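Novice:
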Amino acid sequence: MKVVVDLTRCQGYGQCAFLAPDVFTMREESLLYDLDPGDERREHVLRAAAACPVQAIHLDWTATRLTSEPPSPPARGMTDGRIVIVGASLAGARAAGVLRREGFTGSLTVIGDESSEPYDRPPLSKQVLMGQVPPDHVMLPRLREVEADWMWGTRASGLDVAGKRVLLDDGREVGFDRVLLATGTRARPWPNEEEARLEGVHTLRSMRDAAGLREALAARPNRVLILGAGFTGSEIASVCRELDLPVTVVERGQAPLVNALGGVIGDVAAQLHREHGVDLRCGTTVTSLEGDGHGRLRGARLSDGSTVEAEVAVVALGSVRNVEWLRDSGLAAGVWGVACDAGCRAVDTNGLVTDDVFVAGDIARFPHPLYQYQFMTLEHWGNAVTQAEIAAHNMVSDQTHRWPHLSVPVFWSSQFGVNIKSVGVPTFADELVVTQGSTDERRFVAVYGYKGRVTAAVTFDQGMWLEFYQRLIERATPFPPAFRHVDQRGEARPVPARVPERLIAAEGATVVVTGHDPAERRASLLHAPQS
Amino acid sequence: MTSDAAFQRILDPAGRADPYPSLGELRRNPVTRLKDGSYVVSTYREIVELLHDPRVSSDRRNLADAPETPEHAPAFIRLDPPEHDRLRRLTMRHFGPPHSPGVVDGLRPMMLATTTELIDALAGKNRADVVDEVAYPLPIAVICRLLGVPAEDEQQFHAWADQIVETLGPGEEDRAERARERQAVSENLERYLAGLAEERRREPGDDMLSGFVTYEGPDGRMTPEEVVATSLLLLIAGHETTINLIANGMLTLLRDPILLERVRADPDLVITAVEELLRFEPPVQLVSSRVTLDDVVVGGVTIPAGSPVVLALAAGSRDPAHVREPDRFDPCRRPNEHLGFGGGVHYCFGAPLARLEAQVVLGELVRRVRNPRLVADPPPYRPSAVLRGPRHLLIDYDGIAPA
């Protein structure tokens, strides 16, 4: 039977781990679990799912006969016609289900370039790498029966907005009345292709990547080199240490997680790495990966002139959005994502909102009212789900019944036995203050503020308090928060959050505006010549 | 009718059989200020807010006026983080994940064996008291086994626990007096537990009490006072509430023959039915121990710093703004987010134990007791407004099926 836990909602109550200890494992507040437990565990899993205090455990609809899902209000708008979803991972699959739940009765086609059903990625860098769960035990449960034409292993190569067609790699095309773009991201490869081809050099994004890396770790390499200490790199480093493998982590920034959480919490993360025996090199980059002359990785040369011997390297330098196929679509699509409004409707190169093209998940770049209407992309599990639901709803609703995507982002990671959660946008900050607990104990709540307002909070093993801080963000509470509360340690003073300058992600594309008459003026993207 | 009057009716033992109309009245105002200066919160969203609000303390030493009779070592239910977290972790280490994940599930065979014996004993007659003969003996046997209390002491133990429960609850006027009564009974129980702890220190077994007295780790170790306070808490909370869950469950099933038949026909159903029971007839109706550390605005009302706060969990779980058809018992309700075990860092410590016990015993009762009928409806209730359940639950039946 298939299981997935919405870890955005999970608060670490651990009820599932009591009632189905062979399926769910708690480490402090981090939950690891088998997404495909055997049928002999069925009763245990049913007990666990029923007991979850925040009802975050979802089972395949076939596994439970107890479905009494609340009916949705009937959609008001377009419930027939042809809808095409491009991208069949978390966001695409969730949108398909919601479209049917909301009463869409027309034809539904889902195009996915991977050869299998949708699966869950967060376990890939955790329980799968650890070897606790086989790589193919990560398929997502189907929350309901979805009648759709699923085109697996099919890649979209273009979008004709005016002609309402999705063009496929193999020359075929699929017509639509409305289309949802949810093609997600891929791992950013090592830029030197020859070095990237060395045996022992990995990236981690897909189920196949995870299977390959797991095999490499199980062979117990002399050392694992990890390039980049973002969330993925840090999680992989954590797994390697649990497997008692020597690890070197090379990070360009001054500390791990700096780009997501700023320098103050980054320093805490750096301590976590080092306490667990990671050889952490910050302010350093890998300049080249070195082969042994037989096509196998031997080690790497670093920017400080030193070398590292390692049989396995993992390139964890972030992700690249899968938007190249939209290059000639006339949409405002580029390396920064696909611009859209808060209702998930795509914006064209002129900045005009389209009616029939919707975007969700990692590629959607939308304005968030809580953050000065800045356009942002959120590569979070929870964002993929909620944005897909909003997009799907809006695709079958008329103007007056559409919803804005206003949810406050929530993110989680588990590494070195600590469950890290964040709410809001921690990089949208100038100061932070630790309100509860202490960073020394690795159990704390840090609140971020920007120009005197609370904008984010980060917890280390204190997830139960997160929704309180979410309310502070939603209500634009003054920063620093000034109230008496439990677990207050001495005088908490705000310190600079040391958030990196936000990067303008517009390299490689420039907009030019032509025409004089308002009816003629047009913007278009100029692309750098492709190498 | 004012909300204050509705709350007084909820406290009145005469209305114990059906507090839900009064709880519904209470819910008309999310937050009610009572004459004694305390605040009652009765709507789902507002209760959840306060359960996760770090400005709300469980330590009554933070009250604005006269602190209660000082207690030497409060159990973690009456403490705030970080002391609460430390003591709860030290206790959890011997009970559940991450260090002892299999303990509760591992008790299932023992729960089933005990249940089988208890139900076997109902054979050869046609009338039984579900409370005295099943609902009480199972949880006490389980908690005594877990903690390491000898079976021969169970009876004495139950008497003490009963007396203590009667002194709990909201109401600020007679609180000090009730605390003194509780103290008197507790002293006997504490002396007993201290003696038992001493025995385990000398000769440790595989029970929780042995763990308490021997373990030392990053959180230090439990002091002898903490060992006694923690054991006392687990003993009382570990069976008084579960008795009510089981008895309320049997009562609810027997009131609806169609429901009873559905659960009999589909044994999986007892899993979600117990969850619904926790929402619909929660054994813990009120949390009456919270205090605001600062002014807290909730439901449009400002609760001043230092005020006692009562969370009406039983009202919140039937809040129509949160749940469809709240007054209907739906054994397969999904999702079912309820306040049966509270929420936040004080979420019921023994929740998994209570769930499993109720699932096992209700499943077996439904399966084995032939044609069960209620003798009296409503049955007589115990007086407590906080831990609510029948004093006795007499049933007539035609026979007992083999195990």
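These protein sequence lines map, in sequence, to chains Z and U. Note that our numbering has the first sequence beginning at 1, numbered continuously upward. Note that our numbering has the second sequence beginning at 532, numbered continuously upward. Quick reminder that beta carbons are idealized off the backbone N, C-alpha and C, glycines included. Being a predicted model, the structure only gives us computed values, none of them experimental.
Please say whether residue 615/U and residue 607/U have beta carbons closer to each other than 7 Å?
Specialist: A contact, by the Cβ cut-off of 7 Å.
Novice: I'd like to check one pair, residue 794/U with residue 804/U: are the Cβ atoms closer than 7 Å?
Specialist: Cβ distance < 7 Å, so residue 804/U and residue 794/U count as in contact.
Novice: Over what stretch of residues does the alpha helix (DSSP H) that includes residue 553/U continue unbroken?
Specialist: 551 to 557 is the span of the alpha helix (DSSP H), which, as asked, contains residue 553/U.
Novice: Please report the distance separating the alpha-carbon of residue 219/Z from that of residue 297/Z.
Specialist: Going from the Cα of residue 219/Z to the Cα of residue 297/Z covers about 14 Å.
Novice: Excluding the 5 residues preceding and the 5 following residue 760/U in the sequence, name in chain order all residues of the same chain whose CB lies nearer than 7 Å to its CB.
Specialist: These residues qualify, in order along the chain: 604, 605, 606.
Novice: Along the chain, where does the alpha helix (DSSP H) that runs through residue 149/Z open and close?
Specialist: Per DSSP, residue 149/Z belongs to no alpha helix (DSSP H); it is in the beta strand (DSSP E), 149 to 151.
Novice: Quick check on residue 487/Z - is its C-beta less than 7 Å from some C-beta in chain U?
Specialist: Residue 487/Z counts as touching chain U.
Novice: Using a C-beta cutoff of 7 Å, does residue 807/U count as contacting chain Z?
Specialist: By this cut-off, residue 807/U is not an interface position.
Novice: Look at residue 18/Z and residue 883/U and say whether their C-beta atoms are less than 7 Å apart.
Specialist: Yes. Within cutoff.
Novice: Chain U partners of residue 465/Z, CB-CB under 7 Å?
Specialist: Ordered by position in chain U, the residues that pass the 7 Å Cβ test against residue 465/Z are 583, 585.
Novice: When the cut-off is 7 Å and only beta carbons count, does residue 886/U lie next to chain Z?
Specialist: Yes - at least one Cβ of chain Z is within 7 Å of the one on residue 886/U.
Novice: Measuring only between beta-carbons, confirm whether residue 144/Z sits less than 7 Å from chain U.
Specialist: Chain U, which has no Cβ nearer than 7 Å to the Cβ of residue 144/Z, makes this no.
Novice: What residues of chain Z sit near residue 834/U, judged by a beta carbon separation below 7 Å?
Specialist: Within chain Z, no residue comes near residue 834/U; the closest Cβ sits about 13 Å away, beyond 7 Å.
Novice: Check each residue of the segment 861 to 883 of chain U: if its Cβ is closer than 8 Å to any Cβ of chain Z, include it; give the result in chain order.
Specialist: If the cut-off is 8 Å between Cβ atoms, the segment 861 to 883 of chain U has 861, 863, 864, 865, 866, 867, 868, 872, 874, 875, 876, 878, 882, 883 near chain Z.
Novice: From which residue to which residue does the beta strand (DSSP E) around residue 419/Z run?
Specialist: Counting along the chain, the beta strand (DSSP E) containing residue 419/Z begins and ends at 418 to 424.
Novice: What residues in the segment 785 to 804 of chain U have a beta carbon less than 7 Å from any beta carbon of chain Z?
Specialist: Result list: 799, 802, 803.
Novice: Check whether the Cβ of residue 506/Z lies closer than 7 Å to any Cβ atom in chain U.
Specialist: Residue placement at residue 506/Z is flagged as unreliable, the pLDDT there being 45, under the threshold of 50; the coordinate-derived value follows with that caveat. Closer than 7 Å: no.
Novice: My output table needs one value for residue 542/U: the three-state DSSP class, helix, strand or coil.
Specialist: Looking at residue 542/U - three-state DSSP - the assignment turns out to be helix.
Novice: Run through the DSSP bridge pairs and tell me what residue 748/U is partnered with.
Specialist: Partner(s): 751/U.
Novice: Using a Cβ-Cβ distance cut-off of 7 Å, determine whether residue 406/Z contacts chain U.
Specialist: No, because no Cβ of chain U sits closer than 7 Å to the Cβ of residue 406/Z.
Novice: Which residues in the same chain have their Cβ closer than 7 Å to the Cβ of residue 634/U, if we skip the five residues on either side of it in sequence?
Specialist: Cβ neighbours of residue 634/U beyond the five flanking positions: 626, 627.
Novice: Closer than 8 Å is the cut-off here; do at least three beta carbon pairs connect the segment 5 to 23 of chain Z with the segment 31 to 42 of chain Z?
Specialist: Enough Cβ pairs lie closer than 8 Å, so yes.
Novice: Are the beta-carbon atoms of residue 29/Z and residue 461/Z separated by less than 7 Å?
Specialist: Cβ distance < 7 Å, so residue 29/Z and residue 461/Z count as in contact.
Novice: What are the residues in the segment 624 to 650 of chain U lying within 7 Å of chain Z by C-beta distance?
Specialist: Here the close residues are 627, 628, 629, 632, 633, 635, 636.
Novice: Just to confirm, is the Cβ distance from residue 79/Z to residue 97/Z under 7 Å?
Specialist: The answer is no: Cβ separation not under 7 Å.
Novice: Assuming residue 123/Z contacts residue 110/Z under a Cβ cut-off of 8 Å, what Cβ separation, rounded to an integer in Å, is found between them?
Specialist: Between residue 110/Z and residue 123/Z the Cβ distance is about 22 Å, and since that is not below 8 Å, they are no contact.
Novice: Would residue 415/Z pass as an interface residue toward chain U - the criterion being a Cβ-Cβ separation below 7 Å?
Specialist: Cβ-Cβ to chain U under 7 Å: no for residue 415/Z.
Novice: Tell me, which residues are paired with residue 10/Z by DSSP?
Specialist: Note: residue 10/Z sits in no beta bridge, so no partner.
Novice: Does residue 68/Z get closer than 7 Å to chain U when you measure Cβ to Cβ?
Specialist: Below a pLDDT of 50, predicted positions are generally treated as unreliable, and residue 68/Z, at 48, falls in that range; the measurement from the model is reported next regardless. It does: the Cβ of residue 68/Z has a partner Cβ on chain U nearer than 7 Å.
Novice: Are three or more beta carbon pairs between the segment 390 to 403 of chain Z and the segment 423 to 430 of chain Z nearer than 8 Å?
Specialist: No: fewer than three Cβ pairs fall under 8 Å.
Novice: Comparing alpha-carbon positions, which option in 469/Z, 190/Z, 250/Z, 49/Z lies nearest residue 458/Z?
Specialist: Checking every option, the nearest Cα to that of residue 458/Z belongs to 469/Z.
Novice: Is the beta carbon of residue 226/Z sitting closer than 7 Å to the one on residue 162/Z?
Specialist: Not a contact, by the Cβ cut-off of 7 Å.
Novice: When you compare only the Cα positions, how much space is there between residue 433/Z and residue 62/Z?
Specialist: Going by the C-alpha atoms only, they are around 47 Å apart.
Novice: By the three-class DSSP mapping on this structure, what secondary structure does residue 190/Z have?
Specialist: Coil.
Novice: Which residues does DSSP list as the beta-bridge partners of residue 334/Z?
Specialist: DSSP lists 337/Z as partners of residue 334/Z.
Novice: DSSP three-state call for residue 847/U: helix, strand or coil?
Specialist: Three-state result, residue 847/U: helix.
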